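Worksheet: one structure, shown below.
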Amino acid sequence: MTVPSLQNSLNRIGPVLVLMALVAGFYLLNQRFISWFSMSALLENAAVACILAVGLTFVVLQGSIDLSLEGVVSATGMIVSLLVANSASPQNLGLGGIGLALACGLAFGLLNGILFVGLRIPSLIVTIGTWFALLGLAALLFPGTPPVISDPLLIGIALTKIGGLSIVVYLAMLVIAGAVVVERHTRFGRICRAIGADETALKLAGVNTSFFKIAAFAVCGLLAGLAGILSAARLGYGEPIAGQGLAFPAVSAVVIGGTLLSGGRGGVLYSIVGVLILEVIRQGLVMTGFDPLLRQAIEGAALVTAVAMGTWRMRSRLRVVK
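Just so we're aligned: the sequence shown equals residues 12 to 333 in the working numbering.
What follows is the structure, given as structure tokens:
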């Protein structure tokens, strides 16, 4: 096996091997780590993060970034809590309220994409701006006291258990399965990857890359909106900072899983492995008695390592080191 092919194989299976090693290591430290209770808790905690990582993957595959996730989650969570049956507003749109909140998430993503493509502003700057704007919107919508959600459909999503897992977990699985199909078997998925690999060649072939860039941000916004709705369902009330602390772990998961920030390599399943790696670290540290704050240090170190290893062979093209 040549060096490049060995490198490619390690890039594909490396994160999976890391995940397996972490599970084995924490099991040796605490045998209760591999149990139904522990694994179900891990899946519950990872569900919303997986949904966010899936949406972000399509953007990162193109070589862009979306840091507005916290704002979208907070805003859509507050919107849905005020549109369904609640203690602070007379509105009770039921399923329609959930649909409107999803539509808002989609609109926020479209706005990111249009600003990015139309004004040719770096996606980092655009999405940081919308992140803070949407956090402000969520705070503006906050009625002074948390609106307690009483809608049975929304609450039931979080409380109803099937096989010991909430509907939130099954929705996350459905999103992952659908995203894998889209990524591998649709023109949208193939073009997203190709934009990150060589956008110039696509333009020469007559592909309207602007459309696909906007569409990727729209998908990311839609799934972030879904994450906001599910977060509100779990909390049981509207919280204007519900999305706080979600953006960096989502980006970390995507990169640690093997999707390059420069685009063109990686995918949905890679990102899910990244989410599981971070969640195993968090849960393992708690169950073995370590300070859970170590997770942030380990997550940061893992992110730097993953980026360095993933871009090492392309450093001259990316001009990371001058």
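In this text, a Cβ means the ideal position worked out from N, Cα and C, and glycines have one as well. Remember, it's a predicted structure, so these values are computed and weren't measured experimentally.
DSSP three-state assignment for residue i, whether helix, strand or coil
i	result
residue 333	Residue placement at residue 333 is poorly supported in this model, since its pLDDT is 30, which falls under 50; the coordinates still yield a value, given next. Coil, per DSSP.
residue 79	coil
residue 41	coil
residue 340	Residue 340 is absent from the structure shown; the chain starts at 12 and stops at 333.
residue 153	coil
residue 28	helix
residue 325	Unreliable positioning characterises residue 325 in this predicted model, as indicated by a pLDDT of 46, which lies under 50. The coordinate reading is nonetheless provided below. Residue state, collapsed to three classes: helix.
residue 301	coil
residue 132	coil
residue 68	helix
residue 108	helix
residue 46	coil
residue 239	helix
residue 273	coil
residue 102	coil
residue 14	Legend: pLDDT at residue 14 = 45, less than 50; position of this residue unreliable, no value from coordinates given.
residue 257	coil
residue 73	coil
residue 285	helix
residue 268	coil
residue 278	coil
Cutoff 7 Å; reference residue i; Cβ partners in own chain excluding five residues on either side
i	result
residue 157	248, 249, 250
residue 339	It is not possible to answer for residue 339, since the shown part of the chain is limited to 12 through 333.
residue 61	183, 187, 283, 286
residue 299	37, 40, 41
residue 70	76, 77, 227, 228, 231
Per DSSP, the bridge partner or partners of residue i
i	result
residue 91	None; residue 91 has no bridge partner.
residue 159	248
Where residue i falls, given that 16 or more other Cβ within 10 Å makes a residue buried
i	result
residue 142	buried
residue 8	For the chain, the structure presents residues 12 to 333; residue 8 sits outside this window and is missing.
residue 260	buried
residue 224	buried
residue 42	exposed
residue 119	buried
residue 204	buried
residue 168	buried
residue 217	exposed
residue 73	buried
residue 230	buried
residue 106	exposed
residue 266	buried
residue 67	buried
residue 28	exposed
Close Cβ partners of residue i (< 8 Å) along its chain, the five nearest in sequence each way excluded
i	result
residue 305	296
residue 139	78, 79
residue 214	220
residue 33	288, 291, 292, 295
residue 323	Model confidence at residue 323 stands at a pLDDT of 48, short of 50, so the residue's coordinates are unreliable; what they give is reported in the following sentence. If we look at residue 323 and ignore the five residues flanking it on each side, it has no Cβ neighbours.
residue 173	181
Residue i: CB within 7 Å of a non-hydrogen atom of the ligand MG
i	result
residue 24	Looking for the ligand MG in the displayed structure turns up nothing, as the structure carries no ligands at all.
Sequence-distant residues of its chain with Cβ nearer than 6 Å to residue i (five each side left out)
i	result
residue 96	103, 161, 162
residue 171	178
residue 194	200, 278, 279
residue 53	290, 294
residue 75	134
residue 90	112, 115
residue 165	95, 244
residue 221	128
residue 208	275
- Message: Ignoring anything shorter than 4 residues, give me the alpha helix (DSSP H) runs that lie fully in the region 161–227, in order along the chain.
- Response: Segments of the alpha helix (DSSP H) lying fully in the region 161–227: 163–170, 178–196, 198–215.
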